[in-house]
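Residue numbers (my numbering), protein chains in the order written: chain A, 34 to 497; chain B, 667 to 1060.
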C-alpha cells in the first residue's frame, strides 16, 4: 500500500543525498539514485509534478473535440443511422458497413500490435525498445476502448447490447463470429489491464515519495495490498502473461477472429482469402509500430525527453516498422497475384476494381513509401532522422485506416451476386467525427496519463 | 438425578403404541377421511425419529411419496436448526484454490455445454417436417412490378426497401429482357441466423420461415453482411407510416422447449427504427387455417409467377405446379447461388442468368413508381449523399 507501513528489514528509511527521505530497496540501496537514474527519473517526474499552461490548453482543445464527437453521436442517435453515409447493399447500391468498422479494425490492430511490442520486449529482453514498452501497453488499452467505441457507434440499438451477454451468449458463441469477437476482446482487455497494473505497482511503490501528493488516493488504490516481496513472483507472472499475450494476439485475435468476421462469410469475394489472417496481422503490427513511434516522438519533443527516448529507440522502431511494412507489401502481392491471374469470377472482379481504385493506392502507397525510406535510412545511417521516422510512422498509421475502410467498403460494393450494381460509399460527417473523436480520446488519455503514472518503467530508467 | 424417568425420549417406545392404540388411531383417522395405515406408520416412525433411532433424512424421504399421494403436497421441512448447521459446515470449510478452479471450470463448461446436452436437443426436433418455399416461374414474369408495389403497400415499407426486387437483364446472345424476382430465400441453412450475436434472427421451426425478432435485434447489420442475396434492408431512419397492428405479430418457439411453447413476437411488417428488416413471407398470413399459404406478392401477381407452399408436401401448390410443368416437356429449374450451400428455398423455373448477364431497364421502372429514394437509384448507380442534406426530410 502507498501509505506508510511499519518499516521492516531490507526496507529501512535513510537520509538521501539531497536531504530527501529515500528508501533502501529490497536490501540494497538504490545506487543509481545519484547518477543516471536521477536525471532520467527526474525528467519523467518533472512532467508529473510541474504543469504548464500549454497542458491546460491542450486539455481544453481535446475536450472540445470530444464534445463535438458526443454531439455527432447524439445526432446519430436522434435521427437514426440515416445520417451515416451507409445504405443497403444489393438493389440499394449502398454499403452496409463503412468507416466505423474500418476504424474498429484499425484500432483493434493498434491494440494487438501494441501488446505484441511490449510482450516481445519482455520475452526477448529487447533493450532498445524497452523505453517504449509501457507506452505500447497503454496504447493497447486505450485503442481497445476506441475500437469498442467504433462498434457501439455503428450499432442501431445501443440500449439492447447487453442482450448479447446476458441471455444468449452460451448459444450464440457456437456460431456467431461477432460473439467470438466480443468474448475474446473482453478477455484481451482484462489481460492487458492486469499486465499493466502488475508492472506499474512496483514503480509506484519505488517512486511513491516523489509522486504528486495530490494524487495519493489514486496511488493507494493502484498499490492496494502491495508488498515488495511480490516483485519476484510478479516478474515471472508477467513473463508468462507476455507469452500468453504474444500467442493470443496474433494467432487468435488479429490473425484469427477479426479476419474471420469477414473471411468466413459466403457473400463477398472481397472478404475471402486464406491469407486474410496474416494480411490483417501485418497491417496491425505496422500500424502499432507507427502509433508508438508517433507518441514517443511527441513526448520526446514536448517534454524534452531526449535521454528517455534516445535515438537508438527510434532506430529500433524504424527497423521494426520497415520489416513489418515489407511483410504488408509481400502479403498484398500474394492477394493481388492470385486475384488477378485466372481467379474465380467474383474474386477477379474485386481485385481488378481494387487495383484500379485510387483508395487502394492511398492505402498501400504510403506504406510502400515509408518502407522505401526506412530501408534507405537503415542502409545509410547518415540519412537517419528521428523526425522523419515519426513522419513515416504517421503515414503508415493513416494509410492503414484508409486500407481497412476500403477493405470493408469495397468488399460490399462488389458482392458475389453479379447482377447487382456496383455500390457507392462516402463517409458522412458523423462518421468522420467518430474517427476524430476516438483519436482525441487517445490524445486526452496520453495528455492526462503522463501526469498520473510514470509512462516509462523505472526498471528501464534505472539502467545505466 | 439418575432416575430413568429423566432420560428424555427413551421412555416412549413402540410398545406404547401397541395394538389397542392402533385400533383407536385407525378409527380416528378413518373418520377424518385419510389413509389410516399411513397415519399409523408415520406415527410409529415419528417416535423412532424422536428417539434417535431414525435419521431425519430417512424419515423425510420414506414418506415423501405417500404424503404426496395422500395430501398432494409434502409440507414437512427438515429441521431449520440442522439445516443451518449443515450450511455452516459447508461454508466454513476452506475451499482450496484447486477445488475453486475446478468448480469454476465446471461451471463455465456447464454454461457453454448446456445447449449441447442431448435432452435439450432431443425435445426440439419433434417439429413436423415443414418448410415453406416458393416456385417462381421466370417464363411467366413480364416485369410489371405489381408484386413490388403490393409488398410496399402491405408492409408499409419505405420506397427504397425492395423486399421483393425484380432484376431485369439481358443475357448473352439475347435481345429480349429477362426478369428475376428476388425475395428473401428463407434458406434451410441460413448464414444470417448463424452470425446473429443475439439470436434475433431465427429460423422458425414449425414452418421454416427465417424471421427477425424486432424487439431483440441490436442493429449490428452483420446478417446483411453475411447474406449472399442482398435482400436485407435496414431501417436507417424513422419508418414513415404505421403498419396495420395485426401485421406486427408472429410466433416464436421458446428455445429449448417442445412445440406448444410459442410466444408472440414482433416479426412481421416493416421494422421499427434502427432494426434490420427483410422479406418475411408474410407470417401474419400463415399459421391460420383460413389464411394459410398466401403471400401478398403472390396474390398481386396477374401472371401466376409465384407458387408458395410447403416444399416437403407433394400436394402443395409449388410441387403441384412443378408436376404440371413437367408434363409439358421442356423444363429447367435452378436455385440462386446454390453452390454456397445456404439451401435457398426458392426454386426458379427458367434459365439461370450467366455471368455475362447485363442489367437493363424493364418495361416498368422503379423510378416511375416512385420506389427510389435516399441516395439510391436502381440503375445508373446511387446518388452520393455527401452534398445533399443529411437530415431526413420527414
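Note that beta-carbon positions come from the ideal geometry of N, C-alpha and C, so glycine has one too. If you're wondering where the values come from, they're calculated on a predicted model, not measured in any experiment.
- Around the C-beta of residue 230 of chain A, fewer than 16 other C-beta atoms lie within 10 Å, and the residue is accordingly described as exposed.
- For residue 300 of chain A, no alpha helix (DSSP H) run applies, since DSSP gives it neither H nor E.
- Assigned with DSSP and collapsed to three states, residue 106 of chain A falls in helix.
- A straight-line Cα-Cα distance of about 35 Å links residue 216 of chain A and residue 796 of chain B.
- Using a CB distance below 8 Å, the part of the segment 299 to 333 of chain A facing chain B consists of 299, 300 and 301, ordered along the chain.
- In the three-state reduction of the DSSP assignment, residue 446 of chain A falls in the helix class.
- The residues 288, 289 and 292, in chain order, have a CB closer than 7 Å to that of residue 310 of chain A in the same chain once the five nearest residues on each side in sequence are set aside.
- Interface residue (Cβ-Cβ distance to chain A less than 7 Å): residue 902 of chain B is classified as such.
- With respect to the C-alpha of residue 275 of chain A, the residue from A/344, A/77 and A/228 having the closest C-alpha is A/228.
- Residue pairing by DSSP places residue 877 of chain B opposite B/868 in a beta bridge.
- Checking the DSSP bridge columns, you'll see residue 899 of chain B partnered with B/943.
- When B/886, B/822 and B/719 are compared, the shortest CA-CA separation from residue 194 of chain A is found for B/886.
- By DSSP's assignment, residue 802 of chain B forms a beta bridge with B/972 and B/1014.
- In this structure, the straight-line span from the alpha carbon of residue 125 of chain A to that of residue 201 of chain A is close to 31 Å.
- Straight-line spacing of the CA atoms in residue 175 of chain A and residue 191 of chain A works out to 21 Å.
- Three or more beta-carbon pairs drawn from the segment 315 to 334 of chain A and the segment 140 to 153 of chain A are found closer than 8 Å, and the two stretches are therefore classed as touching.
- The continuous alpha helix (DSSP H) containing residue 272 of chain A extends over residues 263 to 280.
- By the criterion of a C-beta distance shorter than 8 Å, residue 99 of chain A is surrounded in its chain by 470, 473, 474 and 477, once the five residues flanking it on both sides are discounted.
- For the set B/943, B/848 and B/717, the Cα lying nearest the Cα of residue 858 of chain B is the one of B/943.
- Nearest Cα to residue 110 of chain A within the set A/189, A/89 and A/236: A/189.
- When 9 Å is used as the limit between beta carbons, residue 208 of chain A is near these residues of chain B: 859, 860, 861 and 862, in chain order.
- Beyond the five residues adjoining it in sequence on each side, residue 814 of chain B comes within less than 6 Å, by CB distance, of 830 in the same chain, given in chain order.
- When CB distances to chain B are screened at a threshold of 8 Å, the residues of the segment 448 to 481 of chain A falling below it are 448, 449, 450, 451, 452, 453, 454, 455, 456, 457, 459, 461, 462 and 463, in chain order.
- When the beta-carbon positions are compared, residue 1015 of chain B and residue 803 of chain B come within less than 7 Å of each other.
- Residues of the segment 129 to 158 of chain A whose Cβ lies closer than 8 Å to any Cβ of chain B, in chain order: 129 and 130.
- Close partners of residue 1021 of chain B in chain A (Cβ separation under 8 Å): 378 and 451.
- DSSP places residue 917 of chain B in the uninterrupted beta strand (DSSP E) bounded by 915 to 919.
- Ranked by Cα distance from residue 305 of chain A, the first of A/350, A/363, A/479 and A/444 is A/444.
- For the C-beta of residue 712 of chain B, not a single chain A residue is nearer than 9 Å; the gap to the nearest is close to 46 Å.
- Taking a contact as a CB-CB distance under 8 Å, the pair residue 969 of chain B and residue 808 of chain B counts as one, their CB atoms being some 6 Å apart.
- Of the residues assessed, residue 450 of chain A falls on the buried side of the cut-off, its CB having 16 or more other CB atoms within 10 angstroms.
- Non-local C-beta neighbours of residue 1009 of chain B in its own chain, meaning closer than 6 Å and more than five positions away in sequence, comprise 853, 854 and 855, ordered along the chain.
- Counting only runs that start and end inside the segment 288 to 363 of chain A, there is no beta strand (DSSP E) element of at least 3 residues.
- Using a C-beta cut-off of 8 Å, the segment 900 to 910 of chain B makes no contact with the segment 835 to 855 of chain B, since fewer than three inter-stretch Cβ pairs fall below that distance.
- DSSP places residue 891 of chain B inside the alpha helix (DSSP H), whose first and last residues are 888 to 892.
- For residue 836 of chain B, there is no enclosing alpha helix (DSSP H); the residue is part of the beta strand (DSSP E) that begins and ends at 831 to 836.
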